[in-house]
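Peer 1: Each residue of the sequence shown is one higher than the one before, starting from 0 at the first, in numbering that gives the first Met the number 0.
Shown below is the structure under consideration.
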Amino acid sequence: MIRAILSKLRGEAAFLVLLAVAGAGAWHYVLFQQVRADRDDAVHRAEIVCARSGVEWGATDTAARGVLCARHVAGLVAFRADADQQTARLFAKAMADASARTVKDNQAARLAAEAASAAAIRMETADAEAERRNRVDREWLAAVNGVAGLRPPTR
């Protein structure tokens with residue numbers, strides 16, 4: 000029985016080889032269709048990128064297609080990287096300037112608080128002296144001006 004089947008298969012060997020070759024060809028055809036679809040999708044996406052960047056994709060020569068677009072997009076990428084770098088540098092400088100201003104403002108506030116405290120002490124001293132002598136004089140007016148943040152009288 001097995002010999003009978005093998006002998007029939009030998010007679011049909013050419014047909015079996017033809018079926019195997021047709022199957023392999025069909026498989027390659029399906030793979031090629033997928034490759035073609037992937038290629039068409041990539042080209043379509045490249046056309047969209049070029050259109051959005053403001054450069055024409057198409058060229059008559061298939062080898063030169065997209066070369067100008069690729070250069071333009073590369074230039075845009077370099078511009079963006081440069082802009083990001085400059086932005087970061089300017090932001091860091093602004094942060095350093097703000098920090099320096101904060102330190103300077105804190106120092107000025109500390110000095111103003113010390114001056115106000117000293118003026119209040121001088122006013123209390125001058126007020127006590129005016130009370131003791133029952134007389135308001137130049138030092139008392141200077142102390143009042145100091146508390147108010149004004150300069151003392153010139154004479």
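In this text, a Cβ means the ideal position worked out from N, Cα and C, and glycines have one as well.
Would you mind reading off the limits of the alpha helix (DSSP H) that contains M94?
Peer 2: Mapped onto the sequence shown, residue 94 falls at position 95. Counting along the chain, the alpha helix (DSSP H) containing M94 begins and ends at 66-132.
Peer 1: What separation, rounded to the nearest whole angstrom, lies between the Cα atoms of H27 and D39?
Peer 2: The count along the sequence shown starts at 1 and reaches residue 27 at position 28. The count along the sequence shown starts at 1 and reaches residue 39 at position 40. If I take the Cα positions, the gap works out to 18 Å.
Peer 1: With a cut-off of 8 Å on the beta carbons, I'd call N144 and R137 a contact; round off their distance for me.
Peer 2: Walking along the sequence shown from the start, residue 144 turns up at place 145. Walking along the sequence shown from the start, residue 137 turns up at place 138. Actually they are not in contact, since the Cβ atoms of N144 and R137 sit about 10 Å apart, beyond 8 Å.
Peer 1: Using the three-state DSSP reduction, which class does E11 fall into: helix, strand or coil?
Peer 2: On the sequence shown, position 12 is the one that residue 11 refers to. Coil.
Peer 1: How many Å lie between G74 and V48 at the Cα?
Peer 2: As a first step, residue 74 must be located in the sequence shown, where it is residue number 75. As a first step, residue 48 must be located in the sequence shown, where it is residue number 49. So the two alpha carbons sit approximately 13 Å from each other.
Peer 1: If you drop the 5 nearest sequence neighbours on each side, which residues of the same chain put their C-beta closer than 6 Å to that of E130?
Peer 2: Along the sequence shown, one-based indexing puts residue 130 at 131. Excluding sequence neighbours, E130 sits near nothing in its chain.
Peer 1: Spatial neighbours of G65 within its chain, please: C-beta separation below 8 Å, excluding the five flanking residues on both sides.
Peer 2: Taking the first residue of the sequence shown as position 1, residue 65 is located at position 66. Contacts found: A45, C49, W56, A58.
Peer 1: Do you know how far the Cα of F14 is from the Cα of M0?
Peer 2: Reading the sequence shown from its first residue, position 1 is the one you call residue 0. Reading the sequence shown from its first residue, position 15 is the one you call residue 14. For M0 and F14, the distance between alpha carbons rounds to 21 Å.
Peer 1: So what does DSSP say about D37, is it helix, strand or coil?
Peer 2: As a working mapping, residue 37 is identified with position 38 in the sequence shown. In this structure, D37 counts as helix in the three-state DSSP scheme.
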